[in-house]
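Report on the structure given below.
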Amino acid sequence: MGESITEGTLTKWLKKIGDTVARDEPIFEISTDKVDAEIPSPVAGTLTEIKVQEGQTVTVNSVVAVIGGGAAAPASAAKPAATPAAPAPAPVTPSAPAPAAAAATGEGLRSSPLVRKIAKENNVDLGSVPGTGASGRITKQDITGYMEGGAAKPSAAPAVAAPTAAKSAPAAPVSAPQPGELVPLSKMRSIIAKRMVESKATSPHVHTVFKVDMTRIVKLREKEKNKYEQRNGVKLTYMPFITRAAVQALRKHPIVNASMQGEAILYNKNINIGIAVALDWGLIVPVIKQTEEKNFLGITRAIVDLADRARNKKLAPDEVAGGTFTLTNSGIFGEQFGMPIIAQPQSAILGIGGLNKEAVVLTDKDGQDSIAIRSIQRFTLGFDHRTIDGADAGKFMSDFKAYLENWSEDIG
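Take the sequence shown: its position 228, counting from 1, is numbered 369 in our numbering, and each next residue is one higher.
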């Protein structure tokens, strides 16, 4: 899964016990802090045993299943005969400590700060709550389910209290759980949440919005899109135009492609553009490495390839790492512009707004004004004010805008 990956959550089995598996056929899906991916089978045979269930988090090199020879019988695999010498498969992760050995505060038990807060507010002994998470971890769903089940909530007070004490010290009100479906965070959503909070806490975010006249590019695309697809085998979208303009502006303003490292600024040698891809189950940002070395067609093909493989869980971990600047296109959902959060340790992110026709005042070379219908798009640069000043951001966006409005590059 990559050198930096130490664990992953097995999110879905694509095969069941007894199924025949071909070599390199996807057998399960895994989610890590870098990427969601389908894992191919290293051998051909029959899936005879599943050792790790969906939702469990295991370390790299853990055995998650057994694939036997092609002659293995599915029936016997699905329901193995009981033998005294063969105990049930041991869990990959260590078992949870016995509830009785844990204190009411949750010390010694695996649980999140939120779970411990709920337990404290509702006077619940975590030692009596069964944990269903990895390594017996007590999840929010575990404790809310325990409370909704009507289990007794042990109190820190003695078991037999004097009636007068009960009258003089009324119990604190217990807040009832809110109605609705409680769904645990997926591995990807959990990582996204963590990274966004970290970024806001790390970088003093500043945003600047520029309005760009995309009429020239809209007309070029309408004229060339059918021939372009026939000639090159890929659709012509607006993203390669925007990406190419960003690369040219980053060449002129390397501070926007830089990043903070301690008390120094790292000026990155290459321009590695991350392009956010919205998925049904979250968001992922594959990276086009060394984008400054690619022409327009090369960028177009890279965008299509990475987006397709991201949606089909075919990305490798190193393909979502190493970005130096990010593009995020939320304008496809109709918004005018957004205020995106920087992907650490980068210093800037470019938000792409919606493309709309608007009435615009144009001034000719003689100073005469007229009103025309133009294709307008708003772009937001979110930048880290530790490294990038407002003047740097303004110059970068001015060059980015000029490159798009005066497009003259051959698209291939």
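C-beta: ideal position from N, C-alpha, C; glycine also.
Expected contact under 8 Å - CB spacing of Lys-281 and Val-256 to nearest Å: Their Cβ separation, rounded to whole angstroms, is 6 Å, which keeps Lys-281 and Val-256 in contact under 8 Å.
May I ask you to verify whether the stretch 317–324 touches the stretch 162–174, counting CB pairs closer than 8 Å and requiring at least 3? no
Cβ-Cβ distance between Ile-191 and Thr-173 below 8 Å: no
Between the stretch 409–419 and the stretch 522–538, do three or more beta carbon pairs fall short of 8 Å? no
Could you give the DSSP three-state label for Thr-469: helix, strand or coil? Annotated three-state conformation of Thr-469 is strand, per DSSP.
Per-residue DSSP class, three states only, for Ala-178: strand
To the nearest angstrom, how far is the alpha carbon of Gly-209 from that of Thr-187? CA-CA distance, Gly-209 to Thr-187, rounds to 5 Å.
Of the residues Arg-527, Ser-182, Tyr-544 and Lys-261, the one placed nearest Glu-404, counting alpha carbons only: Arg-527
For Ile-493, is the classification buried or exposed, using 16 other Cβ atoms within 10 angstroms of its Cβ as the cut-off for buried? buried
For Ser-549, which of Ala-386, Ile-171 and Asp-525 has the nearest alpha-carbon? Ala-386
Proximity of Phe-351 and Ile-412 at Cβ, strictly below 8 Å: Not a contact, by the Cβ cut-off of 8 Å.
Over the uninterrupted alpha helix (DSSP H) stretch that includes Val-375, give me the two end residues. No alpha helix (DSSP H) contains Val-375, which DSSP labels as neither H nor E.
Around the Cβ of Ile-429, are there at least 16 other Cβ atoms within 10 angstroms (buried) or fewer (exposed)? Its Cβ being crowded by 16 or more others within 10 Å, Ile-429 is buried.
C-alpha distance - Leu-267 paired with Val-324, whole-angstrom precision: When rounded, the distance between both Cα atoms is 20 Å.
From Gly-523, Lys-542, Ile-358 and Phe-541, pick the residue whose C-alpha is nearest to that of Ala-484; which is it? Out of Gly-523, Lys-542, Ile-358 and Phe-541, Gly-523 has the C-alpha closest to the C-alpha of Ala-484.
Could you give the DSSP three-state label for Pro-381: helix, strand or coil? If DSSP states are grouped into helix, strand and coil, Pro-381 belongs with the helices.
So who's on the other strand from Pro-167, going by DSSP bridges? Pro-181
Just how far apart, CA to CA, sit Leu-491 and Lys-366? 25 Å
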